[in-house]
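Below you'll find the structure, written out as structure tokens, and then a few comments.
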Amino acid sequence: MARRPGSFISVAQPVRSFWSRFAFALLLAGAFTLMLLGKADVLLVERFRTGVADVVAPVLEVLSRPAASVADTVAAMRRLRDLRVENERLRVDNGRLERWQHVARRLEAENKALRALNNFVSEPGTSFVTARVIADAGGAFVRSAMISAGADQGVRRGLAAVTGEGLVGGVVDVGQRHARVLLITDLNSQIPVVVERTRDPAVLAGDNTRLPRLVYLPQNAQVLAGDRIVTSGHGGVFPPGLPIGVVTSIVESTIKITPYVDWNRLEYVRLVDYGLGGVVKPSSGTPPFSLMGQDRAGRGSALKPDPQ
Amino acid sequence: MRMTATQRVDLWLRHATPIALTVLLAILSVVPIGVPGYATVVPAYTAMAAFYWAVFRPDLQPPFALFLVGVLQDILAATPLGMTALSLMVVHGLALSQRRAFLGKPFALAWLGFLLIHGLSALLIWLLASMLVLQPIGPEPAVFQYLVTVTLFPLVAWIFVRMHRYVVR
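As they're listed, the protein sequences go chains A and B. For what it's worth, my numbering labels the leading residue of the first sequence as 1, then goes sequentially. For what it's worth, my numbering labels the leading residue of the second sequence as 309, then goes sequentially.
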């Protein structure tokens, strides 16, 4: 179309071009502002985050099912192939574990007797919620997982997330239908631990790699490869004694831990409520989950008492 | 020429496809698929989409919609809010300004363009992420993620080309 001088298009074109550039610059500035607001832990931003995530959680839950079932099928085929070898190994394992069971029974009885002697204050009863991992996110900068249980199911901030193998992480965000677990490998994750053999206290610090580091170890601590690392219970976030991993490499002062949890098969996690207040407090204002905090026992049908 | 209502809806749906596809990719990029180490190096699918549509159909990728997709992905992946949004804006802006270099040229050239533009945005994001936590983040995961993304680009772009040809038109 030929443009006549003074026609609408010839006037509108530069204006539109200017406007689009301006809008683009505005969006860039908006992204920076969001980053700063997010860094400043503004409550409104946090509400917005959990709100949107709550809306998308059901979609993710549906989408993660076929993906999980494909992975399951592949795993099942592999297991079928290795059945004989696996069986042999399990027989040996079973024998070994039975001996351990005897030891554990004896120690449990002894423990009970000694506690009775000492008037030991027993830890509060535990309850748990099991939830599916529906988003396994992070890319290069974050290690977290979104799970399919939220405030409606009695999840609250600070609960420990565990699998059969060991500690996965702690709940940091709670929406109505979803919650986010910060994995122990995340850069922001710092967990008070002890070396099980020597009882040396330390802090397990994630660095976004698969192997978190042990830091703030006492000067004279003698840590060896193969030492088990468990939570110490300091700070009151996690109960003491949750298994985390083993020391696998000691290079100069860098001690790397290999977590027990198999990150590739993180399908279900158990959120264990040990009744600890914890030091993980909401950043500001009233947390969105404080309402359910008091009457959780009343409506907590999803919370079943731990059989132990 | 006047269009019937059906035609109008049809056209609207076709034109909404690129952004809808990008939203879908944002969601798919956080779905756990059980591949070892996948979560760490999950390719930046949305960056590929932002690049492709900015080059071939910029009219169907309004920056504001792309921005919102970035924010959605930030929320899903728990990355600092605005980070993915910013990276998508950078990819979109750079690709749009250089699109004449890729139009009507062999695909390898577009691939090279994506390699450079996504490289720039990935570097920027790594710097920003490091600044936000006040310490340098180990660059290995970011580098791996970048390599996986540029390697998979032709495959994902092939899907975009199909969509472009048969759905968007």
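Note that the Cβ used here is the ideal one computed from N, Cα and C, for glycine as well.
- Taken in chain order, the complete alpha helix (DSSP H) segments of 4 residues or longer contained in the stretch 52–128 of chain A are 83–118.
- Nearest Cα to Arg199/A within the set Arg210/A, Asp227/A, Ala113/A and Leu266/A: Asp227/A.
- The CB of Gly427/B never comes closer than 9 Å to any CB in chain A; the least such distance is about 14 Å.
- Residues of the stretch 184–212 of chain A with a C-beta atom less than 7 Å from some C-beta of chain B are Leu187, Asp207, Asn208 and Thr209, listed in chain order.
- By a beta-carbon distance limit of 8 Å, Arg132/A contacts Glu267/A. Their separation comes to about 7 Å.
- Taking a beta-carbon distance threshold of 7 Å, Ile467/B does not count as an interface residue toward chain A.
- Around the C-beta of Ala205/A, 16 or more other C-beta atoms lie within 10 Å, and the residue is accordingly described as buried.
- Closest in C-alpha terms to Pro239/A, from the list Val272/A, Pro259/A, Val45/A and Ile184/A, comes Val272/A.
- Here the alpha carbon of Leu43/A sits roughly 39 Å from the alpha carbon of Arg322/B.
- Between Pro447/B and Ser405/B, the alpha-carbon positions lie close to 29 Å from each other.
- DSSP lists Arg132/A as the bridge partner or partners of Tyr268/A.
- The beta carbon of Met311/B lies closer than 8 Å to those of Leu319 in the same chain, with the five residues before and after it left out.
- Not one beta carbon of chain B lies nearer than 7 Å to the beta carbon of Ala57/A.
- Measuring C-alpha to C-alpha distances from Val343/B to each of Gly275/A, Arg270/A, Val269/A and Trp263/A identifies Trp263/A as the nearest.
- Under the Cβ distance rule, Ala76/A does not count among the residues neighbouring chain B, no pair being separated by less than 7 Å.
- Neighbours of Arg180/A in chain B, taken as residues whose beta carbon is under 9 Å from its own, are Ala386 in chain order.
- Taking the Cα positions, Phe415/B is about 18 Å away from Pro366/B.
- With respect to the 7 Å criterion, Ile244/A and Leu183/A are not classified as neighbours on the basis of their beta carbons.
- When secondary structure is reduced to three states using DSSP, Met146/A falls in the strand class.
- Within its own chain, the residues whose Cβ lies closer than 6 Å to the Cβ of Glu196/A, once the five positions on either side in sequence are excluded, are Arg228 and Val230, listed in chain order.
- Taking C-beta atoms as the reference points, Gln176/A and Ala135/A fail to come closer than 7 Å.
- Assigned with DSSP and collapsed to three states, Gly166/A falls in coil, not helix or strand.
- Within chain A, no residue has its beta carbon less than 7 Å from that of Ala324/B; the closest one is some 18 Å off.
- Among the CB atoms of chain A, one or more fall inside 7 Å of the CB of Ala437/B.
- Using a CB distance cut-off of 7 Å, Gln315/B does not count as an interface residue toward chain A.
- Here Arg213/A is bridged, per DSSP, to Ala205/A and Lys256/A.
- For Gln190/A, the enclosing beta strand (DSSP E) begins and ends at Gln190 to Val195.
- With 16 or more other CB atoms across the displayed protein chains lying within 10 angstroms of its CB, Pro371/B is buried.
- DSSP, reduced to helix, strand and coil, places Asp273/A within a strand of the structure shown.
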